[in-house]
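Below is one structure; the comments refer to it alone.
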Amino acid sequence: MSLTADDVNKIAHLARLGIDKQDVAAYANDLSGMLDLMTKMSEVNTDDIEPMAHPMDQAQRLRVDVVTELNHREEFQAIAPQVEAGLYLVPKVIE
Amino acid sequence: MHNKTLAELNLGLQAKKFSSVELTQFFLNRIDKHIQLNAYITVTPELALAQAKAADQRLAKGTSDLLTGIPIAQKDIFCTHGVVTTCGSKMLANFTAPYNATVVEKFNQSGAVMLGKLNMDEFAMGSSNETSYYGAVKNPWDINTVPGGSSGGSAAAVSARLAACATGTDTGGSIRQPAALCGITGLKPTYGRVSRYGMIAYASSLDQGGPMTRSAEDAAIMLQTMAGFDEKDSTSVNLPVPDYRADLNKSLVGLKIGLPKEFFGEGLNEDVAKTLALAIDEYRKLGAEIVDISMPNLKLAIPAYYVIAPAECSANLSRFDGVRYGYRCESPVDLTDLYTRSRGEGFGKEVKRRILMGTYALSTGYYDAYYLKAQKIRRLISEDFKTALASVDVIMGPVTPSTAFGIGEKMDDPIAMYLSDIYTIAINLAGVPAMSIPAGFVAGMPVGLQLIGDYFSEDRLLNIAHQYQQVTDWHNFIPTGFE
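Quick look at the structure:
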């Protein structure tokens, strides 16, 4: 299976990932190569096989619903690109 | 001093033959002298010397631990409070972690000294350390070759004696492959054995941290500190941690070693195969029984991995959005532009390739064909391990198809790079523990032997590795120029 430049642009948009125009063809080629590798999987019948999401097959552990974390707002905001009055700033989204 | 084992360093510190401050300064000087290897992204001399001073006080008080005062280094994937944690990426070039990873916390509690943060492939995606934003690491055995990846800085630093030992992480071979290419001992523990809290995620169902050391005994000491249940990691397994040094000297008489024929076929360099055959002979002399086995689904590991790992990576790396921390582009015009350009400018090519692959595999219409299919294949591979390990005690094989390749050799061919992990990837899919130990040289370059065990059998693997290191001295060889 091979992907076109159009496909790559669509996927990049889904991932909100900027890619340089001159690299699109190379990505299409690389991803197509990866998809070729994957055709090997379709040679195997997996109809009755249970998918495996996790090596331990264990249930997610739950904890008591109590506050365990302290407030780290100042520490966390100190490493943010742009903050003001305790808020994270982004370009205007509401007109 | 740099050739002493962790146990010897501990004895020296206890007996006041040298202080931790002296030992730390000694390693800092070595790091400076061999800066051309590019093994470190950040060196933290002030912090290290302060920790060394505290360690000396603890040693004087007699409250020390095995690692108290010993200079180690952390792969730059582990968050270190107050110290820049880059994960090998431009995205996190300015990221000072607001908390410590559990692994870092455990070493701090033991009184170990952190020399700095080690170079790695960007977000642990790579097999050569060439995808690091901070430049390629050089292999101490031949500076024109790669150290392997993604824990390439860790392997180079331990091999060149720029730290007494180092941490690594392994998602598809990232501890074992660089350990093999740099001639050191590396252990990827069972999934869930070592906490992933504060270890920047690549593929969460595969990632596992572990020790990178010069010997199995050192690895046992390091793992003792790293392993254990952690409430902060929901995939951490709540099982007691054994004494990893207790069984190191157990005899291997009667040990059943399985050699999967799929590991020794086409693609394996002939000289590497011969070297491994000699290593297996040593085990025979130690009383082990060698059995030929077959694991028919191993050939599906690479395709399944390159669906599952990128899928998890695309989800994990969506957190890098230019809003809360990390890189942000200049003058974004709107929110989409902020996301798209921050991510586009902050991530390197290999990371982008995997985000694209993962996004595609998870997108509507392709999920069943790729992601679900890969998870079913993962089950088959895992069953292969269960079946094999029901009849043998340990599986052995190569770690890499050849010795270290040249810097730049595979950078233009990502598929060729992926195929270099052919012997390590299946282990992560199954979640079992595995080691790489030095087993000889081909044309002056190290060869690693892989030992694969059952879930939570790290103590057994360390015993099997240690016994080999009692009758061979491959692990004691030092690259020229670093003696």
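Protein chains in written order, with numbering that gives the first Met the number 0: chain A, 0 to 94; chain B, 0 to 482. Cβ atoms here follow ideal geometry from the backbone N, Cα and C, with glycine treated the same way. As the structure is a prediction and not an experimental result, all values here were calculated from the model.
In the pairwise beta carbon analysis, the stretch 285-305 of chain B is classified as not touching the stretch 335-350 of chain B: fewer than three pairs are separated by under 8 Å. Residue pairing of P445 of chain B in beta bridges, as defined by DSSP: B:F440. A straight-line Cα-Cα distance of about 17 Å links A84 of chain A and Y324 of chain B. Residues are counted here when their Cβ sits less than 7 Å from a Cβ of chain B; for the stretch 10-27 of chain A these are I10, A11, L13, A14, R15, L16, G17, I18 and Y26, given in chain order. Nearest to T41 of chain B by C-alpha distance, out of B:Q50, B:T23 and B:V83, is B:V83. Between L450 of chain B and L379 of chain B, the C-beta spacing is not below 8 Å. DSSP places L22 of chain B in the uninterrupted alpha helix (DSSP H) bounded by S19 to K32. For A72 of chain B, the CB contacts under 6 Å within the same chain, skipping 5 residues up- and downstream, are L114, G115, L117, A156, A162 and A165 in chain order. Going by beta carbons, T170 of chain B and A135 of chain B fall outside the 8 Å limit.
At a Cβ-Cβ threshold of 8 Å, Y359 of chain B and I10 of chain A count as neighbours. The alpha-carbon separation between Q176 of chain B and G148 of chain B amounts to approximately 7 Å. K351 of chain B belongs to the set of residues whose beta carbon lies under 8 Å from a beta carbon in chain A.
Considering only beta carbons, the part of the stretch 46-68 of chain A lying closer than 8 Å to chain B consists of I48, E49, P50, M51, A52, H53, P54, M55, Q57, Q59, R60 and R62, in chain order. Listed by position along chain B, the residues whose Cβ is nearer than 9 Å to that of G85 of chain A form an empty set, because the closest Cβ is around 13 Å away.
Counting along the chain, L66 of chain B sits inside no alpha helix (DSSP H), nor does DSSP assign it H or E at all. Under the DSSP assignment, A226 of chain B falls outside any alpha helix (DSSP H); it carries neither an H nor an E label.
In summary, R72 of chain A is exposed, with fewer than 16 beta-carbon neighbours lying within 10 Å of its beta-carbon over all protein chains present.
From the listed residues B:K372, B:N475, B:T479 and B:A59, the smallest Cα separation to D217 of chain B is found for B:N475. In the structure shown, the three-state DSSP call for F77 of chain B is strand. Chain-ordered, the chain A residues with CB closer than 7 Å to the CB of I354 of chain B read A14 and L16. Counted as a single uninterrupted DSSP element, the beta strand (DSSP E) harbouring L114 of chain B occupies residues V112 to L117.
According to the DSSP secondary-structure assignment, E129 of chain B is paired through a beta bridge with no residue. In this chain, the alpha helix (DSSP H) harbouring G32 of chain A covers V23 to S41.
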